[in-house]
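Sequential numbering of the sequence shown, starting at 1, is according to the working numbering.
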Amino acid sequence: MEHQAIYRKWRPMVFEDIVGQTHITRTLKNQIIGGKVGHAYLFCGTRGTGKTTCAKVFSRAVNCLHPVDGSPCNECEICRGILDGSIMDVKEIDAASNNGVDNIREIRDDVNYVSTAAKYTVYIIDEVHMLSSGAFNALLKTLEEPPEHVIFILATTEAHKVPQTILSRCQRFDFRRIMPSDIILRMKEIAHGEGFKITEDAYKMLARLADGSMRDGLSILERVVLAEGSSVTAESITSVLGISTADSIFKITEYVIDGDAAGIISVIDGVLSEGKDLKVFMDSLIKNFRDMMLCKVTDKSEGILDLNAEDMIKLKSLADRVSFEKLSHAVTVLSDAAADAKWVRMPRIIYELALIKISRPEFDTAPEALMDRLTSLETKVAGGAVTDTTPLENRIKKLEDKVKNGVTVKPEQNALGDKPQPAEKKKVPIRLYNPIPEYELTADHPLVKAARNWDNISRVMIRSAGYLTAALRNRNITIDNDGIILIFKNNEGGTYMIAANYKDKLTQVFKRASGTDYIVKVAYENELPDELPDIWGLQSSAGGDAGEGKPVSKDPIDNLMQNFGEIIENADESEFVGYTADDEDFSQSSFADDDNDREEFLEEGELPPDDDE
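Right under this line is the structure:
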C-alpha cells in the first residue's frame with residue numbers, strides 16, 4: 001500500500017477528534033442538530049489548527065443520513081461516497097491556484113444545478129484570501145444569496161486580507177493555536193496506534209516545536225521516526241532536526257551576561273561545526289531571552305513556560321543575574337540582526353556583531369545600550385561596589401541634559417563667564433566626502449537633480465534589487481563630487497554592512513535608474529561634515545526665484561519630474577530616463593480656464609443629462 005503521511009492518516013473523522021477547537025465544534029454540532037445550518041462560513045486561523053479538517057467533517061455531517069450527536073456517522077452511503085470521492089457534491093477548491101474571475105464564474109454557474117446525491121452541495125475554498133479583487137466581486141452576490149442546497153465554507157490563514165464585503169456575508173469562526181498539552185495528548189493516541197515509543201521529554205519538545213500547529217508537530221514526528229526508527233527521544237529530535245540543545249543556549253546566554261566575547265564566538269563555531277542551522281539557533285536564543293523576561297516580571301512563569309524543572313532552575317538563575325533593560329536590549333538587537341541577516345551572504349557576521357554589542361554595551365550608542373549601562377552602574381552603586389558616587393552622578397546628570405526631549409543642550413558658559421570657543425571643523429577623509437566646488441554647486445548640477453528626485457530613483461533601484469530595500473527605503477542622502485552618499489545612523493550597523501558589501505551593485509542600479517555616471521557611497525552620519533549642501537536651497541546658474549526652496553528650471557522635464565516623477569518611467573524596466581532641454585521641443589496644450597467649461601469626472605452611468613433633453 002502507498003505510504004500516507006501521519007497527519008493525513010490520522011486526520012479527524014468526527015468533530016470530537018478535532019483537537020483544541022471545542023468552542024467551534026460545539027457550535028457547528030448544535031447548528032446541525034437544530035437544523036439551523038448557515039449558507040456561508042469563514043474559518044480563520046494559523047496553519048495546522050484544523051480549518052480544512054473541520055470543513056470536511058462539517059460537509060459530511062450536513063449530508064449524513066444518520067448523524068450521531070451532530071457528527072457524521074462515516075458509514076452511510078453518503079458519508080462513504082464523499083470520503084472515497086464517488087459523490088461529487090463536496091468540492092474543494094484551492095484559491096491559490098484558482099484565483100481568477102473565470103474560476104469563480106464557473107462556481108456561480110454550477111450552483112444553479114441541484115445536488116446529485118447529497119442534500120447539500122458544499123464548496124470548500126481554501127486560502128480564500130488569495131482570490132483577486134475581481135474574483136471576490138464575482139463571488140459577492142452568490143455568497144449572499146446562494147440557492148438553498150448550496151453551502152460555502154471559506155478557509156484562510158490571513159483574514160485581514162479578505163474584503164469586509166465578504167466577511168459580512170459569512171459566519172466567522174476563529175481557530176485558536178493548539179495548546180501544547182492538547183498536542184501531547186493527541187500525539188500519545190497516535191503513538192499508541194502506530195506502536196511508537198516516545199519519551200516524555202520528546203513529547204514536550206515536539207509540542208514546543210509544533211508552535212500551536214498539530215500538523216507541524218505530526219510532520220516533525222514522522223521525520224524523526226523515518227530517520228531514527230520508532231523509538232523517539234529528545235536527543236534524536238535534536239540530532240535529526242539540527243536544532244541546538246538547551247545547554248548551548250544557556251551557555252551562550254551566560255557568556256553574554258559575563259561579557260565574554262571569545263566564549264560567544266566559540267559557541268557559534270560549535271553550532272556551525274555540528275551542522276546546526278544558525279537562524280534556528282538565534283531564534284531559540286531570542287526565545288530564551290524572552291523567557292528570562294517573563295521570569296523577571298511575573299512569579300507565575302512556571303505555568304506559562306513549558307520547561308522541565310532542571311531547565312526552569314537554570315533559567316531563573318540566569319534571569320536573576322541580568323537586568324530587565326539588558327534583556328530588552330538583547331531582544332531588540334537580535335531581532336534587528338535576524339531581519340538584516342536575510343540579505344547578506346554571511347549572516348554569521350551580523351549575529352556575532354549583535355551578540356558582542358549585547359555583551360559589551362559600551363560598544364553601542366543606542367538608547368537601549370545606554371539604559372543597560374546605566375542600570376549596571378546603579379546595581380554596582382546599590383551593592384556597594386562604588387562608594388564615591390559624585391563623579392558618576394555628574395556624568396549621569398550631563399547625559400540626561402543631552403538627551404532631554406531629544407535635543408542636545410548647548411554648552412554652558414564656564415565659571416569665568418567666557419563664551420565657549422567654537423569647535424574646530426571636523427576633518428573628513430576625501431575618500432569619504434569629496435565636496436563639490438562651490439562655483440559648480442547649482443540646481444543645474446546632475447547630482448543635485450538626482451538628489452531632488454531621490455524618492456523616485458530609489459524606488460526604481462529597489463525594484464531592480466529587492467534585497468537592498470533596507471539600505472534604500474526612507475534613506476537620508478547627501479552628495480559630493482563623486483556621487484550620492486547614503487547616510488546611516490550609528491545604530492544601523494547591520495544595514496550599513498549590507499550597503500557597504502553591495503556598493504558596486506548600488507552604483508550599478510543607481511547609474512541605470514538616474515541616467516548618470518556617478519557612484520554610490522555609504523557613511524555614518526557622524527563621519528560626515530556638520531555642514532552639508534542644501535540641495536533644495538540651490539538656484540540654477542541662470543538665476544531665478546527658488547520659490548519654496550525649489551528653484552525654477554527651464555527644462556520642462558525637470559519640472560515634470562519634480563511634481564510628477566512617479567509617472568515618468570521607462571516602460572520596459574521601470575527605469576527613469578534622463579532628458580535635456582535641447583533634445584526635443586516640448587509644448588503644453590492649454591485648457592480652458594472658464595469655470596463654465598469644466599466638468600467633474602463621473603462614474604459610469606452618472607453623466608449629466610443633455611441640455612436638449
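Glycine included, every Cβ here is placed at the ideal spot set by N, Cα and C.
Beta-carbon proximity of residue 494 to residue 299, cut-off 8 angstroms: no
Alpha-carbon spacing of residue 219 relative to residue 10, whole angstroms: Answer to the nearest angstrom: the Cα atoms are 12 angstroms apart.
Strand pairing of residue 231, partner residues [DSSP]: 197
Contact check, residue 462 vs residue 475, beta carbons under 8 angstroms: no
Opposing strand residues paired with residue 521 [DSSP bridges]: 485
Nearest-angstrom Cα separation, counted from residue 238 out to residue 227: 12 angstroms
Within 8 angstroms, strictly: CB atoms of residue 260 and residue 359: yes
Helix, strand or coil at residue 144 [DSSP, three-state]: helix
Same chain, Cβ closer than 8 angstroms to residue 415, five either side skipped, listed in chain order: Residue confidence is low: residue 415 scores 41 on pLDDT, short of 50, so the model does not pin down where it sits. No coordinate-derived value is stated.
Cβ-based neighbour list, residue 584, same chain, cut-off 8 angstroms, excluding 5 preceding and 5 following: Only weak support exists for where residue 584 lies, its pLDDT of 43 falling under 50; the value from the coordinates is given anyway. Excluding residues within five positions, none has a Cβ falling inside 8 angstroms.
Uninterrupted alpha helix (DSSP H) stretches inside the region 224-286 (no shorter than 4 residues): Segments of the alpha helix (DSSP H) lying fully in the region 224-286: 234-241, 246-258, 261-273.
Helix, strand or coil at residue 116 [DSSP, three-state]: coil
Candidates 296, 295, 429, 268, of which the one nearest residue 355 by Cα: The shortest C-alpha separation from residue 355 is found at 268.
Straight-line Cα distance separating residue 249 from residue 288: Just so you know, the alpha carbons of residue 288 and residue 249 end up roughly 8 angstroms apart.
The region 83-99 in contact with the region 28-36 per 3-pair CB rule at 8 angstroms: no
Whole-angstrom C-beta distance between residue 135 and residue 104, which should lie under 8 angstroms: Contact annotation, residue 104 with residue 135: C-beta distance approximately 5 angstroms; criterion of less than 8 angstroms satisfied.
Distance, residue 62 Cα to residue 68 Cα: 11 angstroms
Residue interval of the alpha helix (DSSP H) (run including residue 63): Unbroken run through residue 63: none, as it is neither H nor E.
Option nearest residue 618 by Cα separation, candidates 314, 296, 257: Since the first residue shown for the chain is 1 and the last is 613, residue 618 is missing from the structure and cannot be characterised.
Residue 522 versus residue 512: straight-line alpha-carbon distance, rounded: Our two residues, residue 522 and residue 512, have alpha carbons roughly 19 angstroms apart in a direct line.
Start-to-end residues for the beta strand (DSSP E) that takes in residue 627: As shown, the chain starts at 1 and ends at 613. That puts residue 627 outside it, with no answer to give.
Delimiting residues of the alpha helix (DSSP H) encompassing residue 79: Residue 79: member of the alpha helix (DSSP H) spanning 77-84, first to last residue.
Outcome for residue 497 when other beta-carbon atoms lying within 10 angstroms are tallied against a minimum of 16: buried
Per DSSP, the bridge partner or partners of residue 122: 90, 151
Alpha-carbon spacing of residue 182 relative to residue 176, whole angstroms: 12 angstroms
Whole-number beta carbon distance between residue 518 and residue 482, since they are thought to touch under 8 angstroms: 7 angstroms
Residue burial classification, residue 158 (beta-carbon count within 10 angstroms, cutoff 16): Using a 10 angstroms sphere on the CB of residue 158, the tally of other CB atoms stays under 16, which defines it as exposed.
Nearest-angstrom Cα separation, counted from residue 40 out to residue 144: Each residue's alpha carbon lies about 8 angstroms from the other.
Contact under 8 angstroms by Cβ, residue 223 with residue 180: no
Pair within 8 angstroms by beta-carbon distance, residue 123 and residue 93: yes
Residue 15 to residue 174 span [Cα, whole Å]: 16 angstroms
Residue 4 classed as buried or exposed, judged by whether at least 16 other C-beta atoms fall within 10 angstroms: Looking at its Cβ environment, which holds fewer than 16 other Cβ atoms inside 10 Å, residue 4 is exposed.
Residues near residue 130 by beta carbon distance below 8 angstroms, same chain, minus five either side: 95, 96, 99
Cβ pair residue 206, residue 221 closer than 8 angstroms: A distance below 8 angstroms separates the beta carbons of residue 206 and residue 221.
Cβ-based burial, residue 492 [other Cβ within 10 Å; buried from 16]: buried
Sheet register partners of residue 71 (DSSP bridge): 68
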